[in-house]
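Read the structure below first, then the notes.
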Amino acid sequence: ETIRLEDYRPTDFVLERVDLTFELDPAETKVEARLIFHRREGVDSAAPLVLDGDELTLTALHLDQNELDAAHYEATDEQLVIRGLPESAPFEIMIGTVIAPESNTTLMGLYRTSNVYCTQCEAEGFRRITYFPDRPDVLAPYTVTIVADKAANPLLLSNGNFLGGGNYDGTRHFAAWFDPHPKPSYLFALVAGDLGVVEDSFTTASGREVALKIYVEHGKEPRAAYAMDALKRSMRWDEERFGREYDLDIFMIVAVSDFNMGAMENKGLNVFNDKYVLADPETATDQDYANIEAIIAHEYFHNWTGNRITCRDWFQLCLKEGLTVYRDHEFSADERSRPVKRVAEVRHLKAEQFPEDGGPLAHPVRPTRYREINNFYTTTVYEKGSEVTGMIATLLGREGFKAGMDLYFERHDGQAVTIEDFVRCFAETSGRDLTQFSLWYHQAGTPLVTASSAYDAARQSLTLTLEQMVPPTPGQSEKAPMHIPLRFALILPDGTVATPSEGTGTDVTGEVLHLTERQQSVTFTGLPARPIVSLNRGFSAPINLHLQQSAEDKALIARFDPDLFARWQALTDLALADLVAATAAVKGGTTHTISPLVVEALLSAVGDDALEPAFRAQILALPSESDIAREIGKSNDPDAIWTARLGVLRAIAEAGRPAFEKLVAEMAADGPFSPDAASAGRRALRNIALTYLAHAEQSPLRAKAAFDAADNMTDRAHALALLAHVFPDAGETLVALQAFRTRFADNPLVLDKWFSIQAAAPGHGALERIKALMGDPSFNPLNPNRVRALVGAFAFGNPTGFNRPDGESYRFLADQVLEIDRRNPQLAARLLTAMRSWRSLEEGRAAAAQAALARIKEAPGLSADVSDIVERTLKG
Ligand code: ARG
Ligand code: ZN
Numbered sequence: 007e008t009i010r011l012e013d014y015r016p017t018d019f020v021l022e023r024v025d026l027t028f029e030l031d032p033a034e035t036k037v038e039a040r041l042i043f044h045r046r047e048g049v050d051s052a053a054p055l056v057l058d059g060d061e062l063t064l065t066a067l068h069l070d071q072n073e074l075d076a077a078h079y080e081a082t083d084e085q086l087v088i089r090g091l092p093e094s095a096p097f098e099i100m101i102g103t104v105i106a107p108e109s110n111t112t113l114m115g116l117y118r119t120s121n122v123y124c125t126q127c128e129a130e131g132f133r134r135i136t137y138f139p140d141r142p143d144v145l146a147p148y149t150v151t152i153v154a155d156k157a158a159n160p161l162l163l164s165n166g167n168f169l170g171g172g173n174y175d176g177t178r179h180f181a182a183w184f185d186p187h188p189k190p191s192y193l194f195a196l197v198a199g200d201l202g203v204v205e206d207s208f209t210t211a212s213g214r215e216v217a218l219k220i221y222v223e224h225g226k227e228p229r230a231a232y233a234m235d236a237l238k239r240s241m242r243w244d245e246e247r248f249g250r251e252y253d254l255d256i257f258m259i260v261a262v263s264d265f266n267m268g269a270m271e272n273k274g275l276n277v278f279n280d281k282y283v284l285a286d287p288e289t290a291t292d293q294d295y296a297n298i299e300a301i302i303a304h305e306y307f308h309n310w311t312g313n314r315i316t317c318r319d320w321f322q323l324c325l326k327e328g329l330t331v332y333r334d335h336e337f338s339a340d341e342r343s344r345p346v347k348r349v350a351e352v353r354h355l356k357a358e359q360f361p362e363d364g365g366p367l368a369h370p371v372r373p374t375r376y377r378e379i380n381n382f383y384t385t386t387v388y389e390k391g392s393e394v395t396g397m398i399a400t401l402l403g404r405e406g407f408k409a410g411m412d413l414y415f416e417r418h419d420g421q422a423v424t425i426e427d428f429v430r431c432f433a434e435t436s437g438r439d440l441t442q443f444s445l446w447y448h449q450a451g452t453p454l455v456t457a458s459s460a461y462d463a464a465r466q467s468l469t470l471t472l473e474q475m476v477p478p479t480p481g482q483s484e485k486a487p488m489h490i491p492l493r494f495a496l497i498l499p500d501g502t503v504a505t506p507s508e509g510t511g512t513d514v515t516g517e518v519l520h521l522t523e524r525q526q527s528v529t530f531t532g533l534p535a536r537p538i539v540s541l542n543r544g545f546s547a548p549i550n551l552h553l554q555q556s557a558e559d560k561a562l563i564a565r566f567d568p569d570l571f572a573r574w575q576a577l578t579d580l581a582l583a584d585l586v587a588a589t590a591a592v593k594g595g596t597t598h599t600i601s602p603l604v605v606e607a608l609l610s611a612v613g614d615d616a617l618e619p620a621f622r623a624q625i626l627a628l629p630s631e632s633d634i635a636r637e638i639g640k641s642n643d644p645d646a647i648w649t650a651r652l653g654v655l656r657a658i659a660e661a662g663r664p665a666f667e668k669l670v671a672e673m674a675a676d677g678p679f680s681p682d683a684a685s686a687g688r689r690a691l692r693n694i695a696l697t698y699l700a701h702a703e704q705s706p707l708r709a710k711a712a713f714d715a716a717d718n719m720t721d722r723a724h725a726l727a728l729l730a731h732v733f734p735d736a737g738e739t740l741v742a743l744q745a746f747r748t749r750f751a752d753n754p755l756v757l758d759k760w761f762s763i764q765a766a767a768p769g770h771g772a773l774e775r776i777k778a779l780m781g782d783p784s785f786n787p788l789n790p791n792r793v794r795a796l797v798g799a800f801a802f803g804n805p806t807g808f809n810r811p812d813g814e815s816y817r818f819l820a821d822q823v824l825e826i827d828r829r830n831p832q833l834a835a836r837l838l839t840a841m842r843s844w845r846s847l848e849e850g851r852a853a854a855a856q857a858a859l860a861r862i863k864e865a866p867g868l869s870a871d872v873s874d875i876v877e878r879t880l881k882g
């Protein structure tokens with residue numbers, strides 16, 4: 007069944023209050039919901055109340071304290087329809103349901119994880135708890151009473167402020183919570199069990215004292231210290247940057263080990279995948295620390311962008327997600343290094359969102375239809391949504407953006423709104439017409455901008471000619487031209503930035519060129535020497551850019567552009583062109599010699615002490631195999647790409663050997679371990695230098711020595727991956743894998759790394775290794791993190807292994823998807839998206855992938871999640 011944006015209408019009944027009572031039991035939890043409604047003005051007096059359900063059993067139904075007789079309602083496991091309700095007076099409906107958390111393997115609604123009761127309600131999980139108008143535009147204050155066995159569940163948590171509690175009967179106790187802020191059901195949460203806690207407090211700008219609590223498994227409390235620190239920094243930052251204060255007496259985070267996603271922003275009670283809470287130097291990498299900081303911030307920032315102001319319907323998901331990702335990006339950029347953060351964001355966007363936008367699952371940032379909303383928690387909604395928010399900031403400037411946000415918070419606090427409402431705030435405060443700009447929300451596909459420049463020495467002018475094309479995507483064959491804000495600079499041969507007289511023929515404001523037509527040209531005058539065009543600096547627009555520019559000019563940008571992102575982009579473009587040529591050579595059976603200019607540009611940037619180590623490490627991380635595949639675009643042969651990339655890597659390794667030796671020495675730890683960004687940058691640069699040296703030496707010894715010497719997880723995991731990926735058959739590798747496993751046998755999050763590293767080891771033998779690892783006693787097919795660590799890391803992160811030419815890995819993934827789908831449809835559907843780029847593979851592989859997809863499609867009893875993904879992937 008397809009849900010359409012244009013069918014939106016408000017509910018017939020207004021929900022005033024919610025009062026829930028839970029009697030928790032693993033097999034038989036009793037839920038009593040008391041809901042106060044009144045009929046919305048103007049609604050027909052015969053209209054029934056229609057509530058959503060999902061796998062529910064009704065045990066009681068009362069209207070204003072009286073049992074309803076069967077003639078007045080109809081209950082199925084998916085819906086409760088009640089007729090004959092009062093015309094305008096408020097009334098109370100009491101609904102009794104019984105649910106079984108222990109057998110809930112979907113991890114939606116109320117479920118059990120490691121003996122803890124926990125909920126996940128976004129998007130439509132609340133209807134698995136009780137019958138309810140389970141949609142984001144129904145907001146009400148909630149009172150929640152939890153009754154449970156006291157010994158097993160000393161902790162009873164829900165949203166809002168704690169009201170009180172005490173003994174209930176012989177073995178049970180209770181606790182009551184009240185959340186005064188009206189909220190939609192997707193923000194409801196309940197947690198009960200026996201957990202350890204880390205406590206702190208925060209005083210808001212206006213003097214409110216907030217208790218902060220992070221709940222983790224007993225014994226893991228020390229590993230929550232970094233998360234707590236990140237939380238306090240997030241709270242301060244949102245006050246200083248956006249004027250947003252926290253609004254309850256308590257803010258709680260609970261870390262659980264079985265969770266379908268990263269984390270969830272339930273009001274006052276965030277629930278986290280423990281992967282994004284727990285960290286210490288011994289067990290977490292620098293990337294883990296950075297992720298924890300970003301996700302703690304993300305969920306906290308949702309308190310205003312998501313909770314206080316929420317979505318009218320799920321089509322508006324990017325209203326809260328794109329905006330909140332933008333906010334967490336800004337936070338990390340402020341807390342760490344802005345250019346390094348930007349490079350990481352763009353790498354991620356290109357690796358994840360560009361393939362989505364260019365494949366069968368492409369959809370607009372603000373979609374207009376869906377079959378299964380779970381499948382729209384995508385990188386397009388999140389990351390492209392963030393980019394679109396960032397473009398508004400580029401158009402309006404920092405102050406202009408802040409003014410629009412202020413109006414948004416003031417005007418819409420307490421409401422469930424749309425993207426149009428959001429954009430209107432910026433249009434009004436800035437006086438700009440954002441109509442064309444809004445196409446970024448509505449048109450799917452990554453725009454392609456082609457640009458070239460011509461210098462006229464006699465006129466001392468430079469003309470830049472631009473053209474845009476938005477490719478067709480499913481359901482959208484024709485596209486209108488977009489408003490593409492391109493940050494630019496004209497760089498003179500001596501490395502300075504030219505300040506031309508105003509460009510003509512188009513709209514240039516300051517450093518931004520506004521491309522609004524299909525074709526457009528702009529002439530800059532007052533240029534005595536030919537400048538080099540640096541375009542889309544800072545990745546101001548999420549586009550593919552084909553700029554006709556010589557390698558020499560790119561090398562100059564790489565050397566001189568004051569915008570560090572633009573330098574990284576220029577180096578990446580140079581390397582990518584070489585990697586594409588190398589791939590063609592492998593396929594054509596000819597030899598490829600890496601361009602000396604590319605080697606020289608890379609090595610001189612890497613040796614530049616004025617650049618921070620983290621940035622230099624990003625330069626050395628060559629475009630990935632999938633980056634190369636995307637650049638080639640069609641008939642991809644992952645084996646040829648892998649071989650070509652290895653050749654280029656080795657050539658750079660040979661040429662840069664002394665430089666890499668020097669870096670390894672210079673970047674050695676200069677004190678005790680610290681997870682801060684600068685120290686992490688030194689580790690990153692040292693580790694990537696080690697990678698090149700290992701390639702130059704063709705020996706596992708250096709990696710093994712690094713593994714043995716490591717005193718933190720970043721270095722240890724890096725060395726292990728180097729061994730496993732470059733020297734898979736070396737004795738050193740087997741020893742290291744075994745040692746790692748033994749040492750961390752009791753730590754599931756570290757064991758996940760052990761699985762992932764092996765899953766990503768390249769080559770056609772990967773599948774056999776994966777199958778063997780699935781037989782490992784610690785492989786638990788019910789734990790999403792473990793499944794993603796093995797099957798996910800293989801399907802998404804091992805191009806040669808996953809795309810082996812006989813198609814065997816596709817058949818394996820299909821089997822896994824079908825198997826997992828019976829328990830956890832969301833997890834299955836997510837894994838299946840690994841097949842989304844099948845059409846860009848060479849014929850043989852594409853045919854095998856198509857056959858595997860077709861088999862899934864025909865399988866009986868598919869979930870809505872998997873059937874939606876498989877059908878769209880095949881149709882494309
Ligand atoms: N709102 C959560 C977040 O971004 C994610 C929820 C994902 N839900 C889902 N059904 N996939 O922080
Ligand atoms: Zn979010």
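With the sequence shown counted from 1, adding 6 to any position gets you the UniProt record's numbering.
For each residue, glycine too, the CB sits at the ideal point set by N, CA and C.
Closer than 7 Å: H369 CB and nearest the ligand ARG heavy atom: With a cutoff of 7 Å, H369 does not count as near the ligand ARG, since its C-beta is closer than that to no heavy atom of the ligand.
Assuming D319 contacts R141 under a Cβ cut-off of 8 Å, what Cβ separation, rounded to an integer in Å, is found between them? Between R141 and D319 the Cβ distance is about 7 Å, and since that is below 8 Å, they are a contact.
Could you pull the start and end residues of the beta strand (DSSP E) that D143 belongs to? Per DSSP, D143 lies in no beta strand (DSSP E) segment and is marked neither H nor E.
Is C124 helix, strand or coil when you go by DSSP? Correct three-state label for C124: strand.
Taking the alpha carbon of H308 as the reference point, which residue from A290, L275, A495, A154 has its own alpha carbon closest? When only C-alpha atoms are compared, the closest one is L275.
Could you give the DSSP three-state label for Y461: helix, strand or coil? Correct three-state label for Y461: strand.
What residue range is occupied by the uninterrupted beta strand (DSSP E) comprising Y117? Looking at the DSSP string, the run of the beta strand (DSSP E) that includes Y117 is 115 to 119.
For V87, does the three-state DSSP call read helix, strand or coil? Under the three-state reduction of DSSP output, V87 falls in the strand class.
Write down the C-beta distance between I634 and L608 rounded to the nearest angstrom, noting that I regard them as a contact closer than 8 Å. Taking C-beta atoms under 8 Å as the contact rule, I634 and L608 fail to qualify, at a distance of about 16 Å.
Opposing strand residues paired with M258 [DSSP bridges]: Paired residue(s): K219, L275.
Please state if the CB of N550 and the CB of S846 are separated by a distance shorter than 8 Å. The beta carbons of S846 and N550 sit no closer together than 8 Å.
Is it the case that the Cβ atoms of A712 and Q764 are separated by a distance below 8 Å? No.
So the candidates are H187, I256, P706; which of them puts its Cα closest to the Cα of D206? Out of H187, I256, P706, the CA that lies nearest to the CA of D206 is found in I256.
To which residues does DSSP link V514 through a beta bridge? Per DSSP, L519.
If you draw a straight line from the C-alpha of residue 4 to the C-alpha of R250, how long is it? The question about residue 4 has no answer, for the chain in this structure spans 7 to 882.
A95 to A296, Cα distance in whole Å? Cα-Cα distance, rounded: 53 Å.
Can you give me the start and stop residues for the alpha helix (DSSP H) that P644 sits inside? P644 -> alpha helix (DSSP H) spans 644 to 661.
Supposed contact pair D871 and A835 - C-beta distance, whole angstroms, cut 8 Å: Confirmed, about 4 Å.
Taking the straight line between their C-alpha atoms, what separation do you get for W844 and D645? Here the C-alpha atom of W844 lies approximately 15 Å from the C-alpha atom of D645.
Can you have a look at P139 and say buried or exposed, based on whether 16 or more other CB atoms are within 10 angstroms of its CB? Buried is the call here.
Do three or more CB pairs link the stretch 337 to 356 to the stretch 407 to 420 at distances below 8 Å? Short answer: they don't touch.
Starting from Y52, trace the alpha helix (DSSP H) both ways and give me its first and last residue. According to the sequence displayed, residue 52 carries Ala and not Tyr. For A52, no alpha helix (DSSP H) encloses it, and the DSSP letter there is neither H nor E.
Is the stretch 227 to 245 in contact with the stretch 49 to 64, if contact means three or more CB pairs nearer than 8 Å? Look at the beta carbons and you see the stretch 227 to 245 not touching the stretch 49 to 64: under three pairs across the two are nearer than 8 Å.
Taking C-alpha atoms, which residue in N313, L196, A129, L161 lies nearest to T149? It is L196 whose Cα lies nearest to the Cα of T149.
According to DSSP, simplified to helix, strand and coil, what is N72? Annotated three-state conformation of N72 is strand, per DSSP.
Helix, strand or coil: how does DSSP classify G166 here? In this structure, G166 counts as coil in the three-state DSSP scheme.
Determine the extent of the alpha helix (DSSP H) in which L401 is found, giving its start and end residues. Counting along the chain, the unbroken alpha helix (DSSP H) around L401 starts and ends at 391 to 418.
Can I563 and I497 be called in contact, C-beta distance under 8 Å? Yes, they are a contact pair.
What residue does the beta strand (DSSP E) around G199 start on, and which one ends it? First-last of the beta strand (DSSP E) with G199: 196 to 199.
Closest to D50 by CA distance: which of D83, Q85, G90, L67 is it? Ranking the options by Cα distance to D50, first place goes to G90.
Nearest-angstrom Cα distance between D412 and F248? Rounded to the nearest whole angstrom, the CA to CA distance from D412 to F248 is 8 Å.
Buried or exposed for L169, please, with buried defined as at least 16 other CB atoms from any protein chain shown within 10 angstroms of its CB. Counting the other Cβ atoms within 10 Å of the Cβ of L169 gives fewer than 16, which makes it exposed.
Going along the chain, which residues of its own chain have a beta-carbon closer than 6 Å to the beta-carbon of F194, five neighbours each way excluded? Sequence-distant Cβ neighbours of F194 in its own chain, meaning closer than 6 Å and more than five residues away, are C127, F132.
Where T103 and V756 are concerned, what is the direct C-alpha to C-alpha distance, given to the nearest angstrom? Going from the Cα of T103 to the Cα of V756 covers about 40 Å.
Distance between R792 and A767 (C-alpha atoms, nearest Å): Cα to Cα, A767 sits roughly 17 Å from R792.
Mind checking whether the beta-carbon of A269 lies closer than 7 Å to any heavy atom of the ligand ARG? It does: the Cβ of A269 is within 7 Å (strictly closer) of some heavy atom of the ligand ARG.
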